[in-house]
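Heads up, the thing below is written out as structure tokens.
In UniProt numbering, the protein residues as written are 1 to 168.
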């Protein structure tokens, strides 16, 4: 059963997920070297949504993807839609008790692989897909994971995010 609190927190994370591309895309806060792009903190909402539930993580990933489709391009939007997949996998692992920091590390290569694969139908080479997008995405994921851990620790102290029982 979905809790009202989870719906509210999920809605807030989804709102932030769509605001990031709407406000930061095509500004100095976004690096764009096609087919790679990185918008600062764009993964923070999806990474935090992992701690709520798989449904909230998937929803937040889809909303993030829609935001990037609206503000940037179909390629960047398709890449952002991959957040729904790695977010759902990460949330399932969190629900099963895996420590959050391990989930952040585990989902980085999955995230990079998914984003590399999704750009191939747009005509990019294997080199562009796997080197520029795949490796670039993993590095961007890790930077945003560091930001997420700071926010996560603050939210757990305020009891706004439930802590996986293996963390403390």
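Glycine residues also receive a C-beta, built at the ideal position from the N, C-alpha and C atoms.
Exposure of residue i, with buried meaning 16 or more beta-carbon neighbours within 10 Å
| i | result |
| --- | --- |
| residue 168 | Residue confidence is low: residue 168 scores 41 on pLDDT, short of 50, so the model does not pin down where it sits. Its coordinate-derived value is still stated next. Residue 168 is exposed by the Cβ-count criterion. |
| residue 31 | exposed |
| residue 74 | exposed |
| residue 166 | With a pLDDT of 49 at residue 166, under the threshold of 50, the predicted position of this residue should be treated as unreliable, though the coordinate-derived value follows. Answer is exposed; the Cβ neighbour count stays below 16. |
| residue 158 | exposed |
Cβ neighbours of residue i in the same chain (closer than 8 Å, five flanking residues each side left out)
| i | result |
| --- | --- |
| residue 149 | 100, 101 and 104 |
| residue 53 | 2, 6, 10, 91 and 95 |
| residue 22 | 67, 70 and 71 |
Residue i, enclosing alpha helix (DSSP H) - first and last residue
| i | result |
| --- | --- |
| residue 83 | 74-95 |
| residue 122 | Residue 122 -> no alpha helix (DSSP H), and no H or E assigned at all. |
| residue 39 | Residue 39 -> not in any alpha helix (DSSP H); beta strand (DSSP E) instead, spanning 36-39. |
| residue 2 | Element bounds for residue 2: n/a, residue is neither H nor E. |
| residue 172 | With the chain represented from 1 up to 168, any question about residue 172 goes unanswered, as that position is not in the structure. |
Minimum C-alpha distance to residue i - residue among the options
| i | options | result |
| --- | --- | --- |
| residue 144 | 117, 89 and 111 | 111 |
| residue 116 | 2, 31 and 37 | 37 |
| residue 63 | 14, 71, 33 and 53 | 14 |
| residue 80 | 43, 51 and 97 | 43 |
| residue 153 | 47, 5, 11 and 56 | 47 |
Close Cβ partners of residue i (< 6 Å) along its chain, the five nearest in sequence each way excluded
| i | result |
| --- | --- |
| residue 93 | 103 |
| residue 76 | 37 and 68 |
| residue 90 | 50, 103 and 107 |
Beta-carbon proximity list for residue i, same chain, < 7 Å, skipping 5 on both sides
| i | result |
| --- | --- |
| residue 114 | 82, 85 and 86 |
| residue 142 | 108 |
Terminal residues of the beta strand (DSSP E) in which residue i lies
| i | result |
| --- | --- |
| residue 33 | 30-33 |
Is the stretch 113-126 in contact with the stretch 24-32, if contact means three or more CB pairs nearer than 8 Å? no
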